[in-house]
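K.L.:
The working numbering numbers the first residue of the sequence shown as 48 and each following residue consecutively.
Using N, Cα and C, we set each Cβ at its ideal position, and we do this for glycine too.
Dropping a structure here in structure tokens format, bear with me for questions.
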Amino acid sequence: MGIYSICFVFCQSSQIHSTRIRRSSNLRWFSHFYCQLISDFQLNELGNFSIHLLLRNLRPAGSKERKIPFPTANPLTNLFHLVSCPNYTYEIGSWLGFSLMTQTLSAVLFTFAGAVQMTIWAKQKHRAYKKEFGDKYP
48 MGIYSICFVF
58 CQSSQIHSTR
68 IRRSSNLRWF
78 SHFYCQLISD
88 FQLNELGNFS
98 IHLLLRNLRP
108 AGSKERKIPF
118 PTANPLTNLF
128 HLVSCPNYTY
138 EIGSWLGFSL
148 MTQTLSAVLF
158 TFAGAVQMTI
168 WAKQKHRAYK
178 KEFGDKYP
């Protein structure tokens with residue numbers, strides 16, 4: 048999904064919820080809630096980007112050698128200590144934040160379906176790492 052598509056959806060969701068915001072008796076809480084969700088979304092997107100950069104740099108250009116992904120100095124890569132595919136974890140976090148911001152059934156269903164599919168991919172990747180690297184893989 049391109050950045051323009053994301054911006055379009057955010058604009059649409061803000062227009063849809065503008066009447067709710069105007070009618071809300073607790074506007075301050077509502078504003079803080081959305082600011083927190085936007086911050087969480089951005090942090091997850093930055094984490095996803097960090098993981099993709101780390102994975103891209105694992106294999107030198109022109110090489111077929113595979114390496115075990117480990118965290119770097121970037122604190123957003125420390126999720127490798129907990130899961131095999133932190134990019135999927137960050138992706139699910141982004142979509143979860145998006146679903147909470149838009150508060151639409153279609154976004155929630157898309158997030159759920161995406162989470163199920165990415166969990167399947169992550170389990171397959173974990174098994175492949177275990178098979179390829181054996182005891183060296185944590």
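Work out the CA separation of residue 97 and residue 68 for me, nearest whole Å.
P.N.:
Against the sequence shown, residue 68 aligns to sequence position 21. Against the sequence shown, residue 97 aligns to sequence position 50. Residue confidence is low: residue 68 scores 49 on pLDDT, short of 50, so the model does not pin down where it sits. Its coordinate-derived value is still stated next. Using only the alpha carbons, I get a separation of about 34 Å.
K.L.:
Please confirm whether residue 143 and residue 166 have their CB atoms less than 9 Å apart.
P.N.:
Translated into positions along the sequence shown, residue 143 becomes position 96. Translated into positions along the sequence shown, residue 166 becomes position 119. Cβ distance not < 9 Å, so residue 143 and residue 166 don't count as in contact.
K.L.:
Return the chain-ordered list of same chain residues with a C-beta closer than 8 Å to the C-beta of residue 139, the five sequence neighbours on each side being excluded.
P.N.:
Working through the sequence shown from its first residue, we reach residue 139 at position 92. If we look at residue 139 and ignore the five residues flanking it on each side, its Cβ neighbours are 158, 161, 162 and 165.
K.L.:
Tell me where the alpha helix (DSSP H) around residue 178 begins and ends.
P.N.:
Reading the sequence shown from its first residue, position 131 is the one you call residue 178. That run of the alpha helix (DSSP H) goes 152–180.
K.L.:
Locate the alpha helix (DSSP H) running through residue 138, then write down its first and last residues.
P.N.:
The sequence position of residue 138 within the sequence shown is 91, counting from 1. From DSSP, the alpha helix (DSSP H) with residue 138 extends over 133–149.
K.L.:
Within this structure, are the beta carbons of residue 135 and residue 169 separated by less than 9 Å?
P.N.:
If you number the sequence shown from 1, residue 135 lands on position 88. If you number the sequence shown from 1, residue 169 lands on position 122. Cβ atoms of residue 135 and residue 169: closer than 9 Å.
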